[in-house]
Amino acid sequence: MAGDATEPALWQALTSASAYGLGADTGRTLTTGAEGAALVLRRLADTMLGRRLIFAFDGAERLRCDAEMGRLLAFSTLDSSGAASAPNGFENRDDSAAIENAAAAFEETLAGLCSRASDISVRSEALVAGGTSTRAGFPVERLLARLQSADAEDEPAARLRRFLDKAQDLIASAVIVQGDTVDPVKGPEADAGALFRVSSDLLSRMNAPEGAAGAPTRWRLLIVAGVGQVQNDVLVAEIDDHLLLATARASAMPALRALWLDALGTAARPRA
Amino acid sequence: MTHDALRNFRHKIAGCEIALLMDLSTGTVLAWDSDLKWPQEELDALCGLAARLLSAAPGNGPEMGMMRAMLATETGCQVFQRGTPQGDEVFGCILAPEAAIDDVFEAAAWVFDDLLPGDRAALA
Chain A
1 MAGDATEPAL
11 WQALTSASAY
21 GLGADTGRTL
31 TTGAEGAALV
41 LRRLADTMLG
51 RRLIFAFDGA
61 ERLRCDAEMG
71 RLLAFSTLDS
81 SGAASAPNGF
91 ENRDDSAAIE
101 NAAAAFEETL
111 AGLCSRASDI
121 SVRSEALVAG
131 GTSTRAGFPV
141 ERLLARLQSA
151 DAEDEPAARL
161 RRFLDKAQDL
171 IASAVIVQGD
181 TVDPVKGPEA
191 DAGALFRVSS
201 DLLSRMNAPE
211 GAAGAPTRWR
221 LLIVAGVGQV
231 QNDVLVAEID
241 DHLLLATARA
251 SAMPALRALW
261 LDALGTAARP
271 RA
Chain B
1 MTHDALRNFR
11 HKIAGCEIAL
21 LMDLSTGTVL
31 AWDSDLKWPQ
41 EELDALCGLA
51 ARLLSAAPGN
61 GPEMGMMRAM
71 LATETGCQVF
81 QRGTPQGDEV
91 FGCILAPEAA
101 IDDVFEAAAW
111 VFDDLLPGDR
121 AALA
């Protein structure tokens with residue numbers, strides 16, 4: 001086992017000794033901009049050892065990214081002569097707003113490049129000395145998740161019903177709410193009013209102004225489990241302006257979340 | 001010891017960005033572990049969210065709070081769990097958006113077994 005002192009040196013040796021190639025990747029024909037962005041992000045997410053990836057769009061190299069451990073460390077755009085713009089980095093661990101801004105700038109750059117490209121290829125180089133270890137980087141899986149969510153074409157109600165179909169064995173009663181319309185979809189109608197009251201309380205707690213529940217997102221899934229011998233957990237799922245309120249079998253939280261991601265087309269990773 | 005328990009949790013659970021221990025009675029984060037430095041206001045916000053979600057009492061009677069809460073969004077998954085049913089100590093973590101959570105509650109229980117052995121043994 002490597003101790004604390006030797007681990008960085010071993011890591012550096014592994015990084016230097018490894019091939020820089022990514023395997024055969026001669027390019028891929030794309031049908032949508034989102035498909036191209038997903039391809040680029042997947043390449044970055046799969047990069048564990050420190051590498052500089054140069055992406056070509058329709059044969060012209062336009063984007064250069066430094067990546068390590070599935071994190072985007074910095075990126076630059078390349079002009080037609082191959083000159084790079086000033087790198088946009090994610091150096092400052094203490095400034096989460098700056099890191100989010102840099103991530104948003106990368107998403108915008110990538111969307112612009114991919115919207116015009118029908119073919120994307122990539123090559124890789126060693127990262128220049130100077131170091132990856134001091135840079136915080138940004139988790140590329142998070143960018144992928146945002147992209148997948150933004151690219152989803154389903155209507156929210158259809159997604160909610162698809163989730164209900166998948167989770168029917170785990171859910172006791174459920175209603176779907178849109179605006180003023182409450183639509184009982186499973187269980188006794190008498191439960192609908194109580195579910196609505198309970199879920200309104202949970203939503204207000206989730207949305208309280210003093211301490212946001214994370215950045216604004218398109219969907220949220222909240223499951224709470226009671227103390228003691230409580231029969232059911234309570235589930236609140238929200239996509240855009242549609243709500244699914246449900247009681248679910250106790251202790252089914254992990255399974256429900258996995259089914260939820262599956263219904264959205266984003267399968268949970270298997271356990272490591 | 002607390003920090004070691006949180007670090008061990010993060011090593012066990014793939015995709016864990018931060019693990020923390022909170023005291024809801026004082027609204028403070030007692031300890032946390034992450035690869036990145038988290039601003040205090042974000043830690044405070046996490047503690048506030050845990051307090052709000054775990055103090056909800058949907059249908060269990062006014063005196064009962066919640067034992068566990070999980071809030072998943074497209075950018076991550078936040079999990080909170082009390083150490084004991086009436087206790088104020090709460091474990092929390094943030095996981096990557098697609099990380100599996102099958103083992104999270106068991107691993108969180110191990111954290112409390114380390115930190116609150118007497119209280120936990122009384123529950124057994």
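Order-wise, the sequence lines are chains A and B. Position one of the first sequence corresponds to residue 1 (the UniProt record's numbering), numbered consecutively onward. Position one of the second sequence corresponds to residue 1 (the UniProt record's numbering), numbered consecutively onward. C-beta: ideal position from N, C-alpha, C; glycine also.
Residues are counted here when their Cβ sits less than 9 Å from a Cβ of chain A; for the segment 21-45 of chain B these are D35, L36, K37, W38, P39, E41, E42, D44, A45, given in chain order.
Listed as beta-bridge partners of A/N101 by DSSP are no residues whatsoever. Residue contact with chain B for A/M253: present (Cβ-Cβ distance below 8 Å to some residue of chain B). Using a Cβ distance threshold of 8 Å, A/A102 and A/N88 count as a contacting pair. Between the alpha carbons of B/T84 and B/E74 lies a gap of roughly 30 Å.
Not one beta carbon of chain A lies nearer than 8 Å to the beta carbon of B/A5. Distance check between B/N8 and each of B/G87, B/G65, B/S34 places B/S34 closest, using alpha-carbon atoms only. In this model, B/Q78 and B/L49 are separated by some 10 Å (Cα to Cα). When the beta-carbon positions are compared, A/E91 and A/A136 come within less than 8 Å of each other. Residue contact with chain B for A/R42: absent (no Cβ-Cβ distance below 8 Å to any residue of chain B).
Under the Cβ criterion (8 Å, minimum of three pairs), the segment 185-196 of chain A does not count as touching the segment 36-50 of chain B. Less than 8 Å separates the beta-carbon of B/E98 from that of A/A145. Apart from the 5 residues on each side of it in sequence, A/W260 sits with its Cβ closer than 6 Å to the Cβ of F163, L221 in its chain, given in chain order. Taking 8 Å as the cut-off, the beta carbon of A/A250 is found closer than this to the beta carbon of A/N232. Residue nearest to A/I223 within the set A/A248, A/L243, A/E141, A/M48 is A/A248 (criterion: CA-CA distance).
A straight line joining the alpha-carbon of A/E100 with that of A/M48 spans about 22 Å.
In the DSSP assignment, A/S124 falls within the unbroken beta strand (DSSP E) covering 119-126. For A/S76, the three-state secondary structure derived from DSSP is strand. At least one beta carbon of chain A lies nearer than 8 Å to the beta carbon of B/A69. Between A/A67 and A/R42, the C-beta spacing is not below 8 Å. Contact between A/P156 and A/S173 is ruled out by a C-beta separation of about 20 Å, above the 8 Å threshold. For B/N8, the secondary structure class from DSSP, reduced to helix, strand or coil, is helix.
Identification of residues in the segment 88-105 of chain B having a C-beta nearer than 7 Å to some C-beta of chain A yields A96, P97, E98, A99, A100, I101, D102, D103, given in sequence order.
DSSP places A/G33 within a helical segment (H, G or I) once states are collapsed to three.
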